[in-house]
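Here's the structure, in structure tokens; my notes come after.
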Amino acid sequence: MHTLYAMNSNILPQDTLNSPTALKEYLLTKGVPHEVLKILQDEFVDGEAFLSLTETDLKELKIKTGPRKRLLNLINAAKATNCFIVNGPIYGVQNNIPTIASTAGNEIVQVEQPKNSTIDDINNVQNVPILLHPQNINIQQPNDAENKLNVRAWIEAYDAKHTRKISLLSVLDSGIVGNTDRQEFIRIVCAEIVKLSNDMYPSSQLKTELAKEIVNAFPKLRSSHSPEGYEHFYDKTTNSGFIQYRFQNMRVKLNPTKKKRASTKPAIKKINVKRQRSQFVKQEYLDEEVFQEKCCELIFKIPSDSNKPSIIQLLDETRPNRQRSIKNSEQMTIDDIFRLYPKLKDYNGEMIHREFISMFPNNDTFLRKFSSYYVPRILKFCHMKKEYLLQKVDDFDDDNFKALILLPELLPSPNYAKTKTSREDNSKGVKIKASNFSLKQIPNRNLLQFIHTMEDLLVNNEEDETLSQKPKNIQPFLVCFVIGQTKEGQFYIKTDENLISVGDDPIIAFDILVKLHYCFDVQFASDLLTFYDFITGCIMGLNIPGASCRALHTTLCNITL
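Encoded structure:
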């Protein structure tokens with residue numbers, strides 16, 4: 001009897017079957033971190049045991065979420081096509097339809113399915129995990145475009161014709177992919193799809209298959225922030241992703257006679273990040289009269305150390321009513337909120353922090369994650385791909401500060417952001433009109449401005465209004481009052497009418513700035529939407545991040561320190 005287990009291109013090499021060491025070496029090529037490989041090797045996990053691991057098993061081994069999802073994707077991909085042994089022939093199951101194959105040498109050859117055979121005939125047959133290399137498997141499939149996708153071969157052919165300092169194939173295999181490399185890659189695969197399908201409007205099924213094939217060919221491009229790992233390339237649910245964006249751009253210059261009629265379905269809006277609803281553990285609303293009395297009491301309390309406990313208590317008691325009022329208001333701005341509830345501005349942002357953690361108790365993760373995990377990887381990525389950016393922050397002493405300032409430069413500005421918002425477009429959730437893009441400089445002036453006096457801030461605002469030729473409402477941003485030429489000083493959050501002290505630590509100050517946007521439903525600055533999407537989606541888990549953010553996050557995760 002032949003004992004074979006046929007799988008797709010993510011197949012495990014045969015020498016891993018009974019060897020934890022061989023499995024470790026193989027998984028290393030798939031981007032699995034060293035610390036995870038050590039755990040598996042310490043548990044004597046070989047190829048056969050690896051295929052039987054479940055998410056519960058991986059959790060018990062205390063493997064973190066990102067590597068755990070990567071391992072599960074590899075396991076599930078390896079099980080995509082199953083074969084069963086029944087008295088010699090091999091039964092394959094594809095698309096829930098049983099087929100029969102016989103073995104000839106080292107190949108699996110499709111033969112006619114026996115009459116009256118059903119899935120029930122093989123339900124009780126043991127699944128035998130003996131592994132073959134892909135070149136030894138030959139299962140006949142329909143001859144259509146989906147089955148001709150060979151992304152790796154396309155890139156190899158491209159590299160053979162083009163001279164690069166580092167081949168595109170090597171870049172994709174490393175998983176450390178810059179925006180330019182990714183754009184080049186997407187142009188290649190989309191052009192190949194047009195050749196295969198002879199259509200500038202490929203089906204969603206074909207685009208999905210292409211996205212799957214991309215992460216199968218280059219496992220390090222798989223995102224831990226996507227359900228299946230490939231949705232940043234194409235997501236059928238939202239009809240979005242790099243593949244879709246590329247085809248939209250390709251069709252811009254298409255002859256009008258070749259353009260298909262636009263869909264009658266309403267377009268999916270992508271400008272605003274869909275924010276997570278607040279998660280109050282307890283919502284006890286006060287009678288309106290009691291609420292107003294407590295608000296008045298808050299207004300007249302001096303923000304001293306002795307009054308701090310009672311101020312905290314009053315803010316906690318009035319929070320459900322206060323948040324309901326903010327959410328239901330059509331016109332309330334951030335300055336209106338501070339006018340009604342001025343104690344939220346006090347104690348260097350601590351009251352804003354308390355407001356946030358009461359609403360989103362599971363998402364206060366920025367300070368813990370950013371400095372320890374993201375900062376060294378952002379700086380190393382800049383050193384590898386964008387060294388010129390590091391020269392822009394030579395005069396910054398704090399690595400955390402450098403990484404924060406440089407992160408917006410690693411992400412694209414949203415090309416769909418508008419510089420002017422009409423009354424009709426002004427949604428209820430937007431408390432401040434969208435600002436114009438700031439002049440291209442580092443740091444972005446919609447994120448941070450260094451000033452010596454208040455006059456400097458007024459001059460900056462006048463310059464912005466002159467450029468935009470209209471008075472400008474602003475989204476909150478950070479201001480740092482510096483002494484001399486240093487990049488250190490006291491930080492404040494600037495709104496139209498307020499300057500809120502948030503201490504002298506830039507990362508803590510930024511953390512309060514993000515929380516202010518979420519607590520009071522304030523729209524982010526237009527040219528920083530993608531930057532904030534990375535912070536709130538990839539780091540804080542407040543929303544599902546967009547494709548560019550997921551791609552950068554995947555790249556940073558592939559960087560070893």
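Using full-length UniProt numbering, read the sequence shown as starting at 1 and increasing by one per residue. Quick reminder that beta carbons are idealized off the backbone N, C-alpha and C, glycines included.
Could you pull the DSSP bridge partners for F491 from this structure?
Answer is C480.
If we count the other Cβ atoms within 10 Å of its Cβ and call it buried at 16 or more, is F242 buried or exposed?
That one is buried.
Could one say the Cβ of E25 lies closer than 8 angstroms to chain C's Cβ atoms, at least one of them?
Here chain C cannot be found, since the structure has a single protein chain.
Closest to D235 by C-alpha separation, out of Q283, L561, K38, I544, would be which residue?
The residue with the shortest Cα to Cα distance from D235 is I544.
Express the C-alpha separation of K515 and Y230 in angstroms, rounding to a whole number.
Those two C-alpha atoms are separated by around 30 angstroms.
Taking just the CA atoms, how far does F44 sit from F534?
Near 38 angstroms, if we compare the C-alpha coordinates of F44 and F534.
Beta-carbon within less than 6 angstroms of S263's beta-carbon, same chain only, minus the 5 sequence neighbours each way: which residues are those?
The predicted position of S263 is uncertain, since its pLDDT is 47 and thus under 50; no value can be drawn from it.
Would you say the beta carbon of L17 is closer than 7 angstroms to some non-hydrogen atom of the ligand SAM?
With respect to small molecules bound, the structure shown includes none, and the ligand SAM cannot be examined in it.
Touch check for the region 372–388 and the region 329–340: three-plus C-beta pairs under 8 angstroms?
Cβ pair count under 8 angstroms is below three, so no.
Count Cβ pairs between the region 198–208 and the region 165–174 that sit closer than 8 angstroms; are there 3 or more?
The region 198–208 is not in contact with the region 165–174.
Is the region 178–188 close to the region 21–28, with three or more CB pairs under 8 angstroms?
Flag = no, the region 178–188 and the region 21–28 do not touch.
What runs of the alpha helix (DSSP H), each 4 residues or longer, lie entirely inside the region 280–339?
Runs found: 288–299, 308–328.
For L254, count neighbouring C-beta atoms within 10 Å of its own C-beta (all shown protein chains included) and say buried if the count is 16 or more, exposed if not.
Exposed, because fewer than 16 other Cβ atoms sit within 10 Å of the Cβ of L254.
So what does DSSP say about Q475, is it helix, strand or coil?
In the structure shown, Q475 sits in coil (DSSP, three-state: anything other than H, G, I, E or B).
Just list the residues that DSSP pairs I451 with in beta bridges.
Partner(s): F481.
Taking its Cβ as the centre, do 16 or more other Cβ atoms sit within 10 Å of I119, making it buried, or is it exposed?
Any reading at I119 needs caution, since the residue's pLDDT is 38, under 50, leaving its predicted position unreliable; the model's value is listed next. Exposed.
Between which residues of its own chain and L404 is the CB-CB distance below 7 angstroms, once the five residues before and five after are set aside?
P506, I507, F510, listed in sequence order.
Taking buried to mean at least 16 other C-beta atoms within 10 Å of its own C-beta, is K343 buried or exposed?
Looking at its Cβ environment, which holds 16 or more other Cβ atoms inside 10 Å, K343 is buried.
Return the chain-ordered list of same chain residues with a C-beta closer than 6 angstroms to the C-beta of R550, the five sequence neighbours on each side being excluded.
Taken in chain order, the residues that qualify are S223, H225, H232.
In angstroms, rounded to a whole number, what distance separates the CA positions of I271 and N150?
Only weak support exists for where I271 lies, its pLDDT of 42 falling under 50; the value from the coordinates is given anyway. Each residue's Cα considered, the two are about 34 angstroms apart.
Examine the Cβ distances between the region 348–358 and the region 301–320 and report whether three or more of them are shorter than 8 angstroms.
Cβ pair count under 8 angstroms is three or more, so yes.
On a Cα-Cα basis, can you pick out the residue from L37, L17, R445 that is closest to A49?
Considering only alpha carbons, the answer is L17.
Taking I451 as the reference, give the member of S329, K402, I39, T486 with the closest Cα.
Comparing Cα positions, the closest option is T486.
Spatial neighbours of I299 within its chain, please: C-beta separation below 7 angstroms, excluding the five flanking residues on both sides.
Only P342 meet the Cβ criterion.
May I ask which residues mark the beginning and end of the alpha helix (DSSP H) holding I357?
Start and end: 350–359.
Does DSSP put I39 in a helix, in a strand, or in coil?
The answer is helix: DSSP assigns I39 an H, G or I state.
Rounded to the nearest angstrom, how far is the Cβ of P414 from that of T530, given a contact under 8 angstroms?
Confirmed, about 6 angstroms.
Identify, in the order they occur along the chain, each residue of the same chain with its Cβ nearer than 8 angstroms to the Cβ of D173, setting aside the five sequence neighbours on each side.
F218, K220, listed in sequence order.
Determine the DSSP secondary structure at Q126, reduced to helix, strand or coil.
Interpretation of Q126 is limited by its pLDDT of 42, a score under 50 that renders its predicted location unreliable; the figure taken from the coordinates is listed afterwards. DSSP places Q126 in coil when its eight states are reduced to three.
With a threshold of 7 angstroms on Cβ separation, who are the neighbours of D287 within its own chain once the five nearest residues in sequence on each side are excluded?
Within the same chain, D287 has no close Cβ partners at all.
If we count the other Cβ atoms within 10 Å of its Cβ and call it buried at 16 or more, is D394 buried or exposed?
With fewer than 16 Cβ atoms within 10 Å of its Cβ, D394 is classed as exposed.
Report the rounded CA-to-CA distance for N400 versus L37, giving the unit in angstroms.
If I take the Cα positions, the gap works out to 30 angstroms.
Start and end of the alpha helix (DSSP H) containing I176?
It is not in any alpha helix (DSSP H) - I176 carries neither H nor E in the DSSP assignment.
With DSSP as the reference, please indicate the residues paired to D235 in a beta bridge.
Its beta-bridge partners are S240.
Leaving aside the five residues before and after D159 along the sequence, list all residues of the same chain whose C-beta is less than 6 angstroms from its C-beta, in chain order.
Correct list, in chain order: S167, L168, L169.
By a C-beta neighbour count over all protein chains shown, 10 Å radius and 16 as the cutoff for buried, is R70 buried or exposed?
By the 10 Å Cβ count, R70 comes out buried.
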